[in-house]
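Student: Going down the list, the sequences are from chains A and B.
With numbering that gives the first Met the number 0 as the guide, the letters of the first sequence map in order to residues 0 to 148.
With numbering that gives the first Met the number 0 as the guide, the letters of the second sequence map in order to residues 0 to 148.
We put the beta carbon where it would ideally sit given N, CA and C, even for glycine.
Handing you a structure now.
2 protein chains.
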Amino acid sequence: MTQGVGDLDRSIGYALKQAATALRTAMETALRPLGLTVSQYSCLEVLGQRPGVSASELARGVFVTRQSMHALLLGLEERGLLERAAAAPHGRALPTQLTAAGRATLAEASGIVAGVERRMTVAFDSAALERLRADLAACVNALSDHAEP
Amino acid sequence: MTQGVGDLDRSIGYALKQAATALRTAMETALRPLGLTVSQYSCLEVLGQRPGVSASELARGVFVTRQSMHALLLGLEERGLLERAAAAPHGRALPTQLTAAGRATLAEASGIVAGVERRMTVAFDSAALERLRADLAACVNALSDHAEP
DNA sequence: TTCAGCATGTCAGGAGACTGACATGTTGGA
DNA sequence: TCCAACATGTCAGTCTCCTGACATGCTGAA
Numbered sequence: 000m001t002q003g004v005g006d007l008d009r010s011i012g013y014a015l016k017q018a019a020t021a022l023r024t025a026m027e028t029a030l031r032p033l034g035l036t037v038s039q040y041s042c043l044e045v046l047g048q049r050p051g052v053s054a055s056e057l058a059r060g061v062f063v064t065r066q067s068m069h070a071l072l073l074g075l076e077e078r079g080l081l082e083r084a085a086a087a088p089h090g091r092a093l094p095t096q097l098t099a100a101g102r103a104t105l106a107e108a109s110g111i112v113a114g115v116e117r118r119m120t121v122a123f124d125s126a127a128l129e130r131l132r133a134d135l136a137a138c139v140n141a142l143s144d145h146a147e148p
Numbered sequence: 000m001t002q003g004v005g006d007l008d009r010s011i012g013y014a015l016k017q018a019a020t021a022l023r024t025a026m027e028t029a030l031r032p033l034g035l036t037v038s039q040y041s042c043l044e045v046l047g048q049r050p051g052v053s054a055s056e057l058a059r060g061v062f063v064t065r066q067s068m069h070a071l072l073l074g075l076e077e078r079g080l081l082e083r084a085a086a087a088p089h090g091r092a093l094p095t096q097l098t099a100a101g102r103a104t105l106a107e108a109s110g111i112v113a114g115v116e117r118r119m120t121v122a123f124d125s126a127a128l129e130r131l132r133a134d135l136a137a138c139v140n141a142l143s144d145h146a147e148p
């Protein structure tokens, strides 16, 4: 029989889940005054860095399904934070862009989130920070490599 | 105005979310043959390591609310994987324990999850692994320290 | 040219988790 | 002693996200 996970305090997976949960909770708290959920902020952030992407591309960047992104976009569009092309210039993909109000909201939200990230990593020097980022990326790669269809 | 998050590929928060998502997806896939969700497995794992805890304590260990844990426990109890005391020996807390079937299922699931974790960290030596675990724990501590009510 | 395969947008239904609320049992201070 | 504060269990409602399904538009191979 294979060995189990072992003591939770020594499990990498548990530590990862714990850190992600703590970050998400802190972001939710920090973004609440702006009336933004974490998913909505993520949507704006990706959109700000990649203007004109389709909803499906956006969904992959935010780690949700395109169906969920659809609902998310409807809400943000109604609030006037983004606008979607009425017709598809090519294929079925409808390019999406931030409005001026969307860019302003994003700037504020991004500053808040940057503050949360800084608070989380205040004890890290730049080398340690880059090392942690690289380690996390290595985990993602290792899991996606062996992913079976 | 404060600086924003910056390029997503350089954001620690984004990398953390990505890693946690990848791990969760891999665990879901690996546990599906056993008919267990990640939350159900987490519940069994914590229960295996801390027999007799209350549902509320269990909820904190699994990072869900006690209301969600309540529903989770009902399902696992019906499947005969755990049993709850009918009356509270002290206060209102009802001690919960794994049954023999629960321990068997946990052993199998824990082996599977350990395999996923190993796959994720196959490129890490034991020092790098411990360093990553410590870094993640430091992130959690930094966020919980400044947590306001 | 034709069509099978694929990506996208959208609608409908369901599962899981959360917030709100209330009852119950314990604990520590006035 | 008495009660306010707290923790726990539980019920109800809601929200978010997911899976399933279908229509539409491009693409590459036969």
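Shortest alpha-carbon distance to residue 120 of chain B belongs to which of A:108, A:39, A:144?
Tutor: To locate residue 120 of chain B, count along the second sequence from 1; it is residue 121. For residue 120 of chain B, the nearest C-alpha among the options comes from A:144.
Student: Of the choices B:137, B:80, B:135, whose alpha-carbon is the least far from that of residue 44 of chain B?
Tutor: One-based indexing of the second sequence puts residue 44 of chain B at position 45. Per the Cα distances, B:80.
Student: Going along the chain, which residues of its own chain have a beta-carbon closer than 8 angstroms to the beta-carbon of residue 12 of chain A, five neighbours each way excluded?
Tutor: In the first sequence, counting from the first residue as 1, residue 12 of chain A sits at position 13. For residue 12 of chain A, where only same-chain residues beyond five positions count, the Cβ hits under 8 angstroms are 4.
Student: Taking the alpha carbon of residue 72 of chain B as the point to measure from, which residue in B:86, B:93, B:87, B:89 has its own alpha carbon closest?
Tutor: Position 73 of the second sequence, counting from 1, holds the residue named residue 72 of chain B. Closest option to residue 72 of chain B, Cα to Cα, is B:93.
Student: Kindly say whether residue 106 of chain A, judged by its beta-carbon, lies nearer than 8 angstroms to any beta-carbon of chain B.
Tutor: What you label residue 106 of chain A is simply residue 107 of the first sequence in a count that begins at 1. It does: the Cβ of residue 106 of chain A has a partner Cβ on chain B nearer than 8 angstroms.
Student: Pick out whichever of B:42, B:113, B:18 has its Cα sitting closest to the Cα of residue 61 of chain B.
Tutor: Indexing the second sequence from 1 puts residue 61 of chain B at position 62. Nearest C-alpha to residue 61 of chain B: B:42.
Student: Ignoring anything shorter than 4 residues, give me the alpha helix (DSSP H) runs that lie fully in the segment 48-88 of chain B, in order along the chain.
Tutor: 54-61, 65-77
Student: With contact counted as at least three CB pairs below 8 angstroms, one residue from each stretch, are the segment 128-137 of chain B and the segment 119-138 of chain A in contact?
Tutor: yes
Student: List, in order along the chain, the chain A residues whose C-beta lies closer than 7 angstroms to that of residue 97 of chain B?
Tutor: Here the question's residue 97 of chain B lines up with position 98 in the second sequence. The premise fails here: residue 97 of chain B is roughly 13 angstroms from chain A at the closest Cβ pair, so nothing lies under 7 angstroms.
Student: So is residue 148 of chain A buried or exposed if we call it buried at 16+ other beta carbons inside 10 Å?
Tutor: Here residue 148 of chain A refers to the residue found at position 149 when the first sequence is read from its first residue. Only weak support is given to the placement of residue 148 of chain A: the predicted model assigns it a pLDDT of 36, under 50, and the value that follows is read from those uncertain coordinates. Classification for residue 148 of chain A: exposed.
Student: Alpha carbons only, please: which of A:47, A:21, A:1, A:86 is nearest the one belonging to residue 108 of chain A?
Tutor: Indexing the first sequence from 1 puts residue 108 of chain A at position 109. Selected option, being the one with the closest Cα: A:47.
Student: Using the Cα positions of residue 23 of chain B and residue 99 of chain A, report the straight-line distance between them to the nearest angstrom.
Tutor: One-based indexing of the second sequence puts residue 23 of chain B at position 24. One-based indexing of the first sequence puts residue 99 of chain A at position 100. The alpha-carbon atoms of residue 23 of chain B and residue 99 of chain A are separated by roughly 36 angstroms.
Student: Under three-state DSSP, which class holds residue 96 of chain A?
Tutor: Stepping through the first sequence from its first residue, residue 96 of chain A is reached at position 97. DSSP places residue 96 of chain A in strand when its eight states are reduced to three.
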